[in-house]
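Numbering-wise (UniProt numbering), the sequence shown opens with residue 1 and increments by one.
Cβ atoms here follow ideal geometry from the backbone N, Cα and C, with glycine treated the same way.
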Amino acid sequence: MMDLLLFGLTQSSLVVENRAQIASSTLDAQVSLLGEQATVYVKGAIHCLAASYPLLFRALCTNRSARQQWDTLLAVKSRILAFVDDASLPLGIRLSAIKFMQRAILVQTRAVNDPRLQNKADPNLSMCPSDHPFISAQALENEGQELLKKVVMLLYTSSNMDILSALINTLAALFKMRPALAGVIIQAVLTWTPQVAMGGQSPMSVRSVEKNPQGAPYTRQIADAIQAQTARMETAAQEARRKRALEAEANEAAKRTKLEAPPVATPPSAPTPVEPPTSTFANFDFSTLPLPLVVDILIANLVVLSDERLANAVAARRAFLSRSAPPAVPVVPVVQPDVPPIVAPTPQLPVSASQLESQSQTEAQARQPEPEPPIKEEPLDPLKMDIDDDDLEYEPDKLNVAAQAQVEAEEAEQDQIAPLDPSAFSLPAPKDLSDTARNGLVKSSVSRIWNAGEEVLGREIKAAGSETVGLPPEEMWMLLVVRMISRGAGAGRLKDESDDRALVHNLAFREDGMRQMLLDYLLADFSGRIKLAIVWMNEEWYNDRTQAKQDPSRERQYDIWLGRLATCLKARMEPKDKTFAKFLMELPSVPSHVLSLCRELAETPQQMGIGFAALREFIQLRPPVRPEATRILLDLTAHPEKVTRNAAINTVRRWVPEAEPMNTEITTFAKKLLKQLQEGQRPFGENEFPRYLPPKLELPAKKAEVIQHVELMFALSVRVPAFLDEIFAAYVHMESTVQEAMQDLLAPLVRSLGPTNAKLLSLIKTFEPGAESLILRIIKILTENGRPNANLVALVKELIAERDLDARFLMPIIGEMDKPDIVKNLPRIVSMLNGKPEPKALVKSAFQAIVAAPPESFTKGSSNQPRMKQSEQLTPVDLMVLLHEDKEIGIKPAMEAIGICFQIVDVFRSDVLAAVMQQLLDSATLPTLFLRTVIQAVTTYKNLVGFVSTTLLSRLITKKIWTNPPLWEGFIRCAKVIAPASFGALLQLPREQLKELISKQPALKEDLREYVVRRAGPKARLLEVFSDQPDQPPSAAPPDSAPPATQE
């Protein structure tokens, strides 16, 4: 599609307006391709934009309302021009960016001033009106000049041959199309001395500048520069040839062995029989020699052989073959019993000198008289002879003597050997082999081809500068083998139905034995033979398509053998193997079972990296399989195993929010997962329900199942905080157990965002009703480590004031509140108490946060010691007094809060409680719980009994405590608790109140009477009080001494 778009933008036969319309309608798509990770897409996008820029500039010069499109062009132009200097990018992208820069310079410079000579198909600044609302001609012209300077600078600084070639082509185009720039360009090029070989620039392309009208004034300078450059190149070439000659001579001297004196050659007209030298190749196996060496030996023999001798040998051979038997007496060849029959000569490959020598020896032996008894003489095969390394000497003259002797021997025997007529000779029918023999023959042939290919591949690569045409020999052999295997089974019979003969037996190919042999060969070293595997799969795929046209029901071999190969590789792959993903990317088609295999790899802990890498590459580079691969990867983001799930999430979140269309699919899937947790929601269809999710969420919800639904959205929220809106909106529609699980699972996300995240603070401020528990959990997470953020504290205070939230929202920030705020919110905190342990623990932690521990010298020492600032924290005395006197606090919550204070023994010590009682006693109105607190204090701390009995009770009597019935009851019980220490204070009571006290606490009567009797001073009045009271029965149980139960 990208190539089709580029064709439409650059096709000169199309009307310019139509091409401009194509560029305008596809501009956004072209820009989006720049964000692709594949190099081929980025290069194609730059090429399309290079063609679109002049077209759109021309159109926008007349269209004054498309400001947004021009801004897009400017942005993408800056982005592409930055590619030129980015050395980290692939070379192809940088070269494409240079091409775009050339188009930009052409557009942003002025053509000829004469309107008659202007080319309407060449957009330039002359077309832009000076009063254009958004295109600044002056700014574009300045930028064009800077880009030209950049081209020249790169020409002088770059050492890359490809980049230099692109720059030369750019300057050549500018020279031809912009005459005003000709002087600058010619001066820059003439003073430039290239440091690398410019193989891509032919002399014709360089001299074409000379023929251009703009180059006429600079013809002499151009000629001088070319001459100087030619001299430099010739000098460099001579130096290179000299070095190569020296290296070749040194190598030849090292390899050359000591040669014997060459024998004197005999004139061809009168050949003198020369005794052939004793063969030193008797035991040498020529099959072990590499093929290039054998070829070199043959060529060397032909070089030293004189033309006259070669011509005589050829003429003699032709004369021998042209002779025929006398017509009257046909000659029948006599076949010796032990000698094979003579057959017509067949075309032969060039024979080496060693073979000629062996043949001459064989024929010489054949001419000798037959010994008795006759012994069968077998010709020696030089390829099966052994030879020692010391005997292998290259002596072309001796070998030529042997060749000449061979020719003479053949001429001498021409009368003894019956000649045959080649025209009347036909080859015998081939021997029919069994299936087993045929299979063995084919397998051995293929094995030799493989071994030879590996041997060639193991050699050194050819030196740079040597040129090859087509595929290397080893790859051609491999391709031949693959095509024999993939296509041989479908061929081999005549199309003529009347002829039942088979051209070739294909039983070995029709079976799967050959494919299995190829599979085993690949598995032995897959990383080293991956190229062969790719060729095989491509050939199988092509053959399947070809055969399907003739037989649609034919089984697809591509799918079968790709599945077998992938399955075998799965069992052999290492955890960090990258060849499998590379192999999959080169496949012509990706079946579903291969994607399923990638899923299995991703689910295997040891191989999950391979599976995820393959799925990622499929999604990025293979659009046809992108939907299915994306579905598999998204399913894995909800996998029950944490390791697999996290790996899938890390893979997909790289495409959010910029990479389309993956971004849209991923975010849609994450929203559906979150919606699945809401009551009554079924966002997934029947065929798209995630593979690893439970069909129905069982209640009460399990945290392991909830995290499968939400972890993907949590991960995306880190990259795109706007997704927090989805989480907060869905939370209020979830069941309570699901909400509890969400609160725990949200902790890592909230910690990663932090208390300064603007989006998170905004959501806390504007949360919907029903999300209070979630907000409270977030506030606790943000304040659990260290001091809370000042903005967060202010936000929570604002929320409490505006929404009348629960006091639990105060707990996380209570330590950062000042004293007035604490006093103001204390009733809200205490009102949480309801007798249950959880609220009690919260209130206790709040008291510990807002109350400062008193110093050791709380009641001792000088009053000039430094005291705590009132704006920081409450003192224990302040808190205790507030709990007693604040009328907004109920009696029962106050009683429970006071009990909590008594539990904090390190703060509310006996001296602190004494100060509390003294401050309450000094108040104008005693609080209702005052004497209950006094009883708790003397019960907890026995050292307070003296203070209560001597000071506090006496002060209460002077305040006429009996006038307040609840306090009077507490007074009586307190006197009973600290008796007999309270007897002294009780005797200060008026007579009626003393009688009432004794009547309510009869157990005190006897002890108090004895105290009065022992007391010095007047006793009559006091004893009268006891005489009026009846004695307590012995069996009467003493009344309860517990603190009085007060009413609210």
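CB of residue i within 8 Å of CB of residue j, strictly
| i | j | result |
| --- | --- | --- |
| residue 1058 | L636 | Examination of residue 1058 is not possible in this model, given that the chain is present from 1 through 1048 alone. |
| H884 | T933 | yes |
| L164 | L155 | yes |
| V738 | A701 | yes |
| A849 | R828 | no |
| E772 | V793 | no |
| E658 | L699 | no |
| V590 | F612 | no |
| L106 | M177 | yes |
| S486 | E555 | no |
| K765 | L810 | no |
| P854 | V912 | yes |
Limits of the unbroken alpha helix (DSSP H) element including residue i
| i | result |
| --- | --- |
| R64 | Note, R64: premise wrong, no alpha helix (DSSP H); not H, not E. |
| I889 | Neither: I889 is in no alpha helix (DSSP H) and is coded neither H nor E. |
| A614 | M608 to L621 |
| D520 | G513 to A524 |
| D635 | R626 to L636 |
| W962 | Here W962 belongs to no alpha helix (DSSP H), and DSSP marks it neither H nor E. |
| C128 | Counting along the chain, C128 falls outside any alpha helix (DSSP H), and DSSP gives it neither H nor E. |
| D804 | D804 -> no alpha helix (DSSP H), and no H or E assigned at all. |
| G984 | F983 to L986 |
| L310 | D307 to S322 |
| K696 | Premise fails: K696 is in no alpha helix (DSSP H) and is neither H nor E. |
| residue 1059 | Residue 1059 cannot be examined here, being either before or after the span of the chain that is shown, 1 to 1048. |
| F7 | M2 to T10 |
| S910 | S910 to L921 |
| R653 | Segment: none, R653 is in no alpha helix (DSSP H) and carries neither H nor E. |
| I935 | F930 to T940 |
Below-8 Å beta-carbon distance, residue i vs any chain E residue
| i | result |
| --- | --- |
| A614 | Judged by its chain identifiers, the structure shown contains no chain E, having just a single protein chain. |
Residue i (DSSP reduced to helix, strand or coil)
| i | result |
| --- | --- |
| A874 | Sequence inspection shows Leu at residue 874; the Ala mentioned does not correspond to that position. DSSP places L874 in strand when its eight states are reduced to three. |
| V851 | strand |
| Q676 | coil |
| M832 | coil |
| T191 | coil |
| L383 | With a pLDDT of only 40 at L383, under 50, the local geometry of the prediction cannot be trusted, and no value is derived from it. |
| V151 | helix |
| L27 | helix |
| L34 | coil |
| Q903 | helix |
| Q681 | coil |
| G786 | coil |
| R19 | helix |
| Q1001 | coil |
| T157 | helix |
| H47 | helix |
| F134 | coil |
| Q365 | Residue confidence for Q365 is low, a pLDDT of 46 falling below 50, so the modelled location carries little weight; the figure read from the coordinates is stated next. Three-state result, Q365: helix. |
| D499 | The pLDDT assigned to D499 is 42, lower than 50, so where the model puts this residue is not dependable, and the model offers no usable value. |
| E586 | coil |
Evaluate contact between the stretch 21-28 and the stretch 90-107, counting only Cβ atoms and requiring at least three cross-stretch pairs below 8 Å. no
Is the number of C-beta pairs between the stretch 648-660 and the stretch 696-716 that are closer than 8 Å three or more? yes
Taking 8 Å as the threshold, find out whether the stretch 626-642 comes into contact with the stretch 1-17 through three or more Cβ pairs. no
With three or more C-beta pairs closer than 8 Å as the rule, is the stretch 124-140 touching the stretch 58-69? yes
Which runs of the alpha helix (DSSP H), 4 residues or longer, sit entirely within the stretch 711-774? 724-731, 736-745, 747-753 and 758-765
Inter-stretch contact at 8 Å, needing at least 3 Cβ pairs: the stretch 970-977 / the stretch 953-961: yes
Tell me the start and end of each unbroken alpha helix (DSSP H) in the stretch 523-582 that is at least 4 residues and wholly inside, in chain order. 530-550 and 557-572
Just to confirm the assignment: which complete alpha helix (DSSP H) runs, minimum length 4, are found wholly within the stretch 69-121? 91-107
Does the stretch 839-848 come within contact of the stretch 777-791, defined as at least 3 CB pairs closer than 8 Å? no
Taking contact to mean at least 3 C-beta pairs separated by less than 8 Å, is the stretch 907-920 in contact with the stretch 928-946? yes
Counting pairs of Cβ atoms below 8 Å between the stretch 98-105 and the stretch 46-53, do you hit three or more? yes
For the structure I just gave you, are there three or more beta carbon pairs, one from the stretch 546-553 and one from the stretch 575-584, closer than 8 Å? no
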